[in-house]
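What follows is a single structure, written as structure tokens, with notes after it.
Residue numbers (my numbering): 6 to 469.
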């Protein structure tokens, strides 16, 4: 009798385990129909470009990996420092990435780093039709490129979804050409949304655990409804391979860029003109905030919209144009998505009180203006900001960061307040920048500094 009971128990347990496994399997999504419907609009992108001394040393696979990692890490993972004798070679064609068709008349979206530097761009469809693409425009800041192909009939397209509806834990699927293996399908879940990376302040990335490898770049990320909610762009890795962390550009960000590229061939972004930092626990306590949140203004750029509107160093931007700011990294995207000329409202915490400041956003300065500003900072070896109002100092600028060069050689420290330079009193950042440009090289000039509450003069010399 006991043996019979034991057998019945084991059979019951086995049946329960089997039914449980079947129930779990039934709950998993079936991507078959999604892949069949979406694949015709996903394309493989290859390029041709004139060989250069550094790229001719690498195999096509190595070049593909270089382009993939260069965007994220800012460096070449394959040692190219060894120079070898080169023989003249014709243009080489290599598979670099993926893309997808967004309109029946042939607009194709992909990553900028996929086609960067290409002389000729080829787009191949799932049915093996191939077209030479025209580059409509690129946006380096979001790493997006818009291409155009000409076909005799309507082309298959993807359905675009609303990336704002994504939530952590939802299933997503990628289709692309990793390492040249066309139309590879991988799936996973959304790990996080609104992820900001150091190299991409204008993109609130979608983080997933979908397997992404070189060749997936520029390919679509689908939700379970078969809609594109992201453009696969980057991975985080310490080994050179996929480690379970990948990033996609939200579809809403991408389509905003597409509209401008279609109409103007370039992307114009609004500019606020501030340097910001996160509010940690200690800063929150020092500013009498109930908890760490917001974007702390550490510097207001001269002649910027922020300066004209009256923003000051030490202000904490709690919300921008109606959207709450938890982390400072959220602010650049909120500003950048607005059109130039927009009057935006910033909710600012100052002197223990909240107030609303209206800011007329201007065009972001071009690279030449930014380069000149950086050159000035490099000449002095430091960046400065307005003196916070909670410091008992009438005028001057505060050293925000010592970059090296003259500032380091002359003993300046972060937090020093410079009140006089070369015999002229400094009222603010704009005045400091004007005086700094007149300092002669290779000769010491007097600089009055307040450090830890004590004033002192130091000789300041720029060596050129």
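Note that the Cβ used here is the ideal one computed from N, Cα and C, for glycine as well.
What you are looking at is a predicted structure, and each value in this text was computed from that prediction instead of being measured.
Which term fits residue i, buried or exposed, when burial requires 16 or more other beta carbons within 10 angstroms of its beta carbon?
i: residue 286; result: exposed
i: residue 488; result: The structure shown does not extend to residue 488, since the chain is modelled only from 6 through 469, so no value can be given for it.
i: residue 194; result: exposed
i: residue 329; result: exposed
i: residue 346; result: exposed
i: residue 335; result: buried
i: residue 459; result: exposed
i: residue 344; result: exposed
i: residue 414; result: exposed
i: residue 358; result: exposed
i: residue 192; result: buried
i: residue 493; result: Any question about residue 493 goes unanswered here, given that the chain covers just 6 to 469.
i: residue 365; result: exposed
i: residue 428; result: exposed
i: residue 438; result: buried
i: residue 173; result: exposed
i: residue 256; result: buried
i: residue 168; result: buried
i: residue 248; result: exposed
i: residue 268; result: exposed
Have a look at residue i and residue j and give me their C-alpha separation to the nearest angstrom.
i: residue 111; j: residue 154; result: 5 Å
i: residue 216; j: residue 45; result: 21 Å
i: residue 198; j: residue 104; result: 22 Å
i: residue 417; j: residue 424; result: 13 Å
i: residue 221; j: residue 284; result: 36 Å
i: residue 83; j: residue 207; result: Only weak support is given to the placement of residue 83: the predicted model assigns it a pLDDT of 37, under 50, and the question is left unresolved by the model.
i: residue 119; j: residue 367; result: 31 Å
i: residue 58; j: residue 363; result: Because the pLDDT at residue 58 is just 45, under 50, the model does not fix this residue reliably, and the point stays unresolved.
i: residue 162; j: residue 412; result: 56 Å
i: residue 447; j: residue 399; result: 31 Å
i: residue 49; j: residue 200; result: 27 Å
i: residue 53; j: residue 137; result: 11 Å
i: residue 272; j: residue 261; result: 9 Å
i: residue 450; j: residue 430; result: 13 Å
i: residue 274; j: residue 387; result: 27 Å
i: residue 355; j: residue 313; result: 17 Å
i: residue 295; j: residue 181; result: 47 Å
i: residue 131; j: residue 32; result: 30 Å
i: residue 189; j: residue 433; result: 57 Å
i: residue 384; j: residue 442; result: 9 Å
i: residue 464; j: residue 410; result: 14 Å
i: residue 396; j: residue 292; result: 12 Å
i: residue 214; j: residue 317; result: 41 Å
i: residue 34; j: residue 290; result: 47 Å
i: residue 117; j: residue 126; result: 12 Å
i: residue 452; j: residue 342; result: 42 Å
Are the beta-carbon atoms belonging to residue i and residue j less than 8 Å from one another?
i: residue 321; j: residue 300; result: yes
i: residue 305; j: residue 391; result: yes
i: residue 303; j: residue 405; result: yes
i: residue 435; j: residue 310; result: no
i: residue 165; j: residue 232; result: yes
i: residue 389; j: residue 402; result: yes
i: residue 333; j: residue 281; result: yes
i: residue 121; j: residue 55; result: no
i: residue 142; j: residue 327; result: no
i: residue 250; j: residue 236; result: no
i: residue 340; j: residue 266; result: no
Which one of the options has the shortest CA to CA distance from residue i?
i: residue 202; options: 185, 416, 235 and 254; result: 254
i: residue 128; options: 47, 219 and 33; result: 47
i: residue 444; options: 467, 430 and 423; result: 467
i: residue 315; options: 107, 351, 148 and 268; result: 351
i: residue 134; options: 125, 157 and 141; result: 157
i: residue 369; options: 230, 132, 419 and 146; result: 146
i: residue 211; options: 218, 452 and 196; result: 196
i: residue 461; options: 440, 421 and 438; result: 421
i: residue 183; options: 168, 209, 171 and 219; result: 219
i: residue 151; options: 124, 132, 115 and 167; result: 115
i: residue 171; options: 226, 131 and 159; result: 226
i: residue 470; options: 290, 102 and 143; result: Because the chain is modelled from 6 through 469, residue 470 falls outside the range shown and cannot be assessed.
i: residue 493; options: 159, 252 and 442; result: For the chain, the structure presents residues 6 to 469; residue 493 sits outside this window and is missing.
i: residue 319; options: 325, 326 and 288; result: 288
i: residue 324; options: 106, 230 and 298; result: 298
i: residue 258; options: 331, 251, 148 and 185; result: 148
i: residue 223; options: 113, 463, 365 and 465; result: 113
i: residue 43; options: 209, 247, 229 and 426; result: 229
i: residue 38; options: 117, 168, 178 and 139; result: 178
i: residue 209; options: 337, 394, 453 and 140; result: 337
* Mind listing, in chain order, the continuous alpha helix (DSSP H) runs of no fewer than 4 residues lying wholly within the segment 215 to 274? => Within the segment 215 to 274, the complete alpha helix (DSSP H) runs of at least 4 residues are 256 to 269.
* Pick out the complete beta strand (DSSP E) segments inside the segment 376 to 446, 3 residues or longer, and give them in chain order. => The DSSP assignment places complete beta strand (DSSP E) segments of no fewer than 3 residues inside the segment 376 to 446 at 387 to 391, 402 to 407 and 422 to 426, in order along the chain.
* To do: Output the residue ranges of the beta strand (DSSP E) runs that lie fully inside the segment 128 to 185 and measure 3 residues or longer, sorted by chain position.
  => Counting only runs of at least 3 residues, the segment 128 to 185 fully encloses the following beta strand (DSSP E) elements, listed from N- to C-terminal order: 135 to 144, 149 to 153 and 176 to 181.
* Every unbroken beta strand (DSSP E) inside the segment 268 to 329 [3 residues or more] -> For the segment 268 to 329, the continuous beta strand (DSSP E) assignments of 3+ residues that do not extend past its boundaries occur at 279 to 283, 300 to 305 and 321 to 325, in sequence order.
* Taking only runs of the alpha helix (DSSP H) that begin and end inside the segment 328 to 360, which ones reach a length of at least 4 residues, in chain order? -> Fully enclosed alpha helix (DSSP H) runs of 4 or longer: 335 to 341.
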